[in-house]
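Structure first, then comments.
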DNA sequence: TGTTAGCACTCAACTTAATGGAGTGCTAAT
DNA sequence: ATTAGCACTCCATTAAGTTGAGTGCTAACA
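Residue numbers (my numbering), protein chains in the order written: chain A, 1 to 344; chain B, 1001 to 1344.
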């Protein structure tokens, strides 16, 4: 059977209506609503075909039809209208909270949740390559050394370490020199035991301090592997009856709470992305790789802070989410984010 | 009417049973359950009295009784058994994740939520007095200066600032010297325009850099005002039918998401606390100052990291929460936290 | 005088049956 | 190819009945 123009139009009408109401939609509704001048009987025939083809389904005999995952998929792939959304306010909202990236991302999550009425999450960028650019150790007071590490992407980490006895100024200078010359430009895997041993030898009695320092460096580099995720509007899920069933809702909202969940699949763009399109992806129902999301749809987009530094944004809602609006908002948002990051 | 021993025992039995089942409890149940050897009829008489006194109430005629807020209050104040809970695992669980305070607190929130099956939040400590202890400026690369600020509680903050032209080594040394001698020991309000002007004069052409640096300092000190709050187990709320009504649940879980909510009332201990008791407080129903929590109970405790540095822990659940267990767990937890912080 | 057995009464919760209506599939007419 | 018409299905809603846990009251009892 072929999916001709008319069938497509009817399918589109069905999905549109369903997105609106969340109720199964019947032939009569379509007959009246859509601009095709067809009787309900004709629509019924077409619907039967569409059902056979797997684009729509009936919750039970004598009910209207609802889109299947396959139907949604077709809709998203071919029928989205590129409606330009007006997301102008965001820019100002974000910029007044200037400051750190964390804050910006938190704002973005909040903004999206508020605007779309779905649940959102934003992953902080994951830096692919991390090399030590600069290390500095300072004596803050007799009992504490401060270790500051700058990575080659200008991320700064610091940690206090406690020492038993004051370390002489002279030793600190030496320590700084050795660490910087030895470790500069290296990444985590390149700092191996041989190297560590070599440094320790040079420092003689202060070998113990070295251990602490290297420990900090190790933690720092590993730490970066683990990007922060900001979420907002998880309770929006409760607004959609088809998801607000107690056990489902708990599972979904729980997933938002336990941010670990997202790491695996929100982590990195699957493939080299075209930085113009922002790689907006839609996952419908079973297309989600996580069980707890199989009754939801999720739209993700990738943003870029600088060369090789990506983060992701995800929006989770019911399968009947307003894809038009979400994709539009996301698109417009990405553009503004680009601008913001370019300025920095 | 007087609240004699027997009435108290009956009330206690009622509350215990209700905490268990969540169902209104009838006279017959009590007559069988409790060790007082009384017939249901007698219990009924006493119940009528207890109701008149306001300790229990009937959802409707011909239903059993449930505790009123006043009843819970009496129970909590006088009838809690000091059951020692076995919270031994926590210590290890936390310590292997050693590291930063943030991580510890996150762990604590998670641990509590998992153990109690209620929703929990932990506020990071708020430092009352913040003075600059140490400032260090370093040239990381020709375009970037790194500003590191250590506060007197050993909190470290850092920020990169971009400069148009490389700053000479000599100037940086001078800058460090001036900043440290001038600002050491001062807090935010003490750094005023007069002082700023004075510093600028000394730095001559590098006045602009000073601005950036002071900006960072300002942001750092203000930032600390705003304590982080870690939450966990918000979805546990959905486990209790009396709270999992859609609108209620959304309100409560939403409150957990929007952490701002808690600042006002989770902020600081109300009064000078006895560091032994950890100031465990129970708020029942309307006793909560926040509307969205009026159907819940909340137990809070205060922990101390060092002299004058407090944080709070809160557990939110249904009014029929297992106060015994919560207070016990909290108590035991606080002890362990004390130990952990003492070590540091 | 405090306790208890007994009984009539109440009321939410559950069960069952009846009704209505939205929607379908099929057939025959256009 | 399209449509009007009709019989059929099945969910949702309502109404009526049934059940059972629980109460309050009274009268008997120790």
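By construction, the Cβ of each residue, glycine as well, lies at the ideal position given by its N, Cα and C atoms.
*Among B:1042, B:1045, B:1043 and B:1071, which has the Cα closest to the Cα of residue 1056 of chain B?*
B:1071
*Rank A:207, A:185, A:151 and A:180 by C-alpha distance to the C-alpha of residue 163 of chain A and give the top, closest one.*
A:207
*Please go through the same chain and pick out, in chain order, the residues whose beta-carbon is closer than 7 Å to the beta-carbon of residue 13 of chain A, but skip the five residues on each side of it.*
30, 33 and 34
_Touch test, the region 1211-1221 of chain B against the region 1294-1313 of chain B, Cβ-Cβ under 8 Å, three pairs minimum_ = no
*asked:* Helix, strand or coil for residue 192 of chain A? Go by DSSP, reduced to three states.
replied: coil
_Based on DSSP bridge pairs, tell me the residues matched to residue 162 of chain A._
A:144
*For residue 1006 of chain B, count neighbouring Cβ atoms within 10 angstroms of its own Cβ and tell me buried if that reaches 16, exposed if not.*
exposed
*Thinking C-beta only, is residue 1044 of chain B closer than 8 Å to residue 1027 of chain B?*
yes
*asked:* Let me see if you follow: with CB-CB separation under 8 Å, is residue 1250 of chain B close to chain A or not?
replied: yes
*In chain order, what residues of the same chain lie with their CB nearer than 6 Å to the CB of residue 148 of chain A, ignoring the 5 residues before and after it?*
136 and 158
*chain B residues whose Cβ lies nearer than 8 Å to that of residue 262 of chain A*: Near residue 262 of chain A there are no residues of chain B at all, since even the closest Cβ is about 16 Å away, more than 8 Å.
*Answer with yes or no whether the minimum CB distance from residue 271 of chain A to chain B is below 8 Å.*
For residue 271 of chain A, the predicted model reports a pLDDT of 49, less than 50, meaning its position is unreliable; a value from the coordinates is still stated below. No, residue 271 of chain A lies away from the interface with chain B (no Cβ there is under 8 Å from its Cβ).
*Would the beta-carbon of residue 310 of chain A fall within 8 Å of that of residue 282 of chain A?*
no
*Roughly how many whole angstroms lie between the Cα atoms of residue 1019 of chain B and residue 249 of chain A?*
25 Å
_Please tell me whether residue 1021 of chain B and residue 1326 of chain B are closer than 8 Å, where the distance is taken between their beta carbons._
no
*Taking Cβ-Cβ distances shorter than 9 Å, what residues in chain B pair up with residue 133 of chain A?*
1140 and 1141
*chain B contact residues for residue 150 of chain A, given Cβ-Cβ distances below 7 Å*: 1140 and 1146
*Would you check if the distance between the CB atom of residue 1172 of chain B and the CB atom of residue 1139 of chain B is smaller than 8 Å?*
yes
*C-alpha gap between residue 271 of chain A and residue 300 of chain A, whole angstroms*: In this predicted model, residue 271 of chain A has a pLDDT of only 49, less than 50, meaning its place in the structure is not dependable; the value taken from the coordinates is given anyway. Residue 271 of chain A and residue 300 of chain A: Cα-Cα distance of roughly 14 Å.
*Is residue 119 of chain A helix, strand or coil when you go by DSSP?*
strand
*Who are the neighbours of residue 156 of chain A on chain B, taking C-beta pairs under 7 Å?*
1146, 1158 and 1160
*Does any residue of chain A bring its CB to less than 8 Å from the CB of residue 1212 of chain B?*
no
*For the region 276-308 of chain A, enumerate the residues whose C-beta is nearer than 7 Å to any C-beta of chain B, in chain order.*
none
_Check whether chain B comes within 8 Å of residue 35 of chain A, counting only Cβ atoms and requiring the distance to be less than that._
no
*Hey, quick one: how far does the beta strand (DSSP E) through residue 282 of chain A stretch, first residue to last?*
281-284
*Could you say which of B:1246, B:1160, B:1290 and B:1144 lies nearest to residue 1166 of chain B if we only look at CA atoms?*
B:1144
*Identify every residue that forms a DSSP beta bridge with residue 65 of chain A.*
A:25
*Give the DSSP-derived three-state secondary structure of residue 271 of chain A in the structure shown.*
Low confidence applies here, because residue 271 of chain A scores a pLDDT of 49, under 50, leaving its location unreliable; read the following figure in that light. Of the three classes helix, strand and coil, the one that applies to residue 271 of chain A here is coil, per DSSP.
*With 16 other CB atoms within 10 Å as the buried threshold, where does residue 46 of chain A fall?*
buried
*Alpha carbon of residue 103 of chain A to alpha carbon of residue 1228 of chain B, nearest angstrom*: 13 Å
*Could you tell me which chain A residues have their CB closer than 8 Å to the CB of residue 1246 of chain B, listed as they occur along the chain?*
238 and 244
*So which residues on chain A does residue 1208 of chain B lean against when the C-beta distance must stay under 7 Å?*
None at all; the shortest Cβ gap to chain A is about 18 Å.
*residue 136 of chain A versus chain B: which residues are under 7 Å apart at the beta carbon?*
1138
*Could you check what DSSP says for residue 54 of chain A in three-state terms: helix, strand or coil?*
coil
*Compare the Cα-Cα distances from residue 66 of chain A to each of A:78, A:50 and A:79 and report the closest residue.*
A:50
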